[in-house]
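Beneath this line is the structure, given in structure tokens, with notes to follow.
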Amino acid sequence: MQNFSYEQFRKLEGLEWLLEPDLYNALVVDEIPNLSKSRLLEIRQQGLTYKTGKLAGEQRDPASTWQLYGIQNTELGNYPKLLQTMLTQCWLAHPKYRQATMILDPNNWDNQPELLIEPVFNTSETKQPINTNKNLPWC
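Residue numbering for the sequence shown follows our numbering, beginning at 115 and increasing consecutively.
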């Protein structure tokens with residue numbers, strides 16, 4: 115914003131008063147695990163899977179789920195929930211919602227991380243064009 119990078123603010127004193135507490139806690143983690151894309155997707159799948167109840171085995175929607183469940187035994191298990199969400203690209207970090215002004219990479223606040231999964235074209239929202247040419251025999 116105004117030609118200032120977010121990275122310039124990383125070491126400022128009082129940053130905890132400027133940022134929302136969950137975002138601040140996610141951004142000040144000392145050592146963030148360097149996990150492969152496939153491992154992040156595995157953790158995400160585990161954290162989005164219903165473990166019990168009538169939905170057991172089904173997946174929550176990553177675009178609308180704000181936290182992962184049952185990942186305590188993974189490499190991300192002891193990290194702040196918002197950091198888990200950022201790294202696995204759920205909720206607001208999901209490609210559906212991300213914007214250039216968001217901080218989504220805790221290692222480089224100005225970087226937009228590579229997508230874990232490329233967006234898929236939703237054919238259910240596709241509408242067929244209406245043919246207004248009444249001279250055609252099938253109209």
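The beta carbon of each residue, even a glycine, is placed where N, CA and C say it ideally should be.
From a predicted model like this one, the values you see are computed outputs, not experimental measurements.
How many angstroms separate the CA atom of residue i from the CA atom of residue j?
i	j	result
leucine 169	leucine 182	16 angstroms
leucine 229	aspartate 219	12 angstroms
tyrosine 164	asparagine 117	44 angstroms
valine 143	glycine 167	34 angstroms
glutamine 160	glycine 128	36 angstroms
methionine 200	arginine 174	16 angstroms
Do we get a CB-CB distance below 8 angstroms when we pair residue i with the residues of chain B?
i	result
tyrosine 183	As a matter of chain content, chain B is missing from the structure shown, which is built from one protein chain.
Please name the residue, chosen from the options, that lies closest to residue i on a Cα-to-Cα basis.
i	options	result
arginine 124	Gln116, Asn117, Glu189, Tyr138	Tyr138
glutamate 145	Tyr193, Arg174, Arg158	Tyr193
leucine 126	Leu141, Asn117, Ala214, Asp136	Leu141
proline 176	Pro135, Arg212, Gln186	Arg212
threonine 179	Gly191, Ala207, Pro233	Ala207
glutamine 198	Arg158, Pro135, Ser152	Arg158
glutamate 189	Asn221, Pro147, Lys151	Pro147
Who are the Cβ neighbours of residue i in its own chain at under 7 angstroms, not counting the five residues just before and after it?
i	result
tyrosine 120	Ile217, Trp223, Asp224
glutamate 130	Tyr138
glutamate 172	Tyr164
threonine 237	Interpretation of threonine 237 is limited by its pLDDT of 48, a score under 50 that renders its predicted location unreliable; the figure taken from the coordinates is listed afterwards. Same-chain partners within the cutoff: there are none.
Once you ignore the five residues that flank residue i on each side, which residues in its own chain have a CB closer than 6 angstroms to its CB?
i	result
leucine 155	Leu230
What's the call for residue i, buried or exposed, on a 16-neighbour Cβ count within 10 Å?
i	result
leucine 196	buried
glutamine 203	buried
leucine 162	buried
So, for residue i: in the same chain, excluding its five sequence neighbours on each side, which residues have a beta-carbon less than 8 angstroms away from its beta-carbon?
i	result
glycine 191	Ile185
Practice task
Pick out the complete alpha helix (DSSP H) segments inside the stretch 139-220, 4 residues or longer, and give them in chain order.
Solution key: 151-162, 195-202
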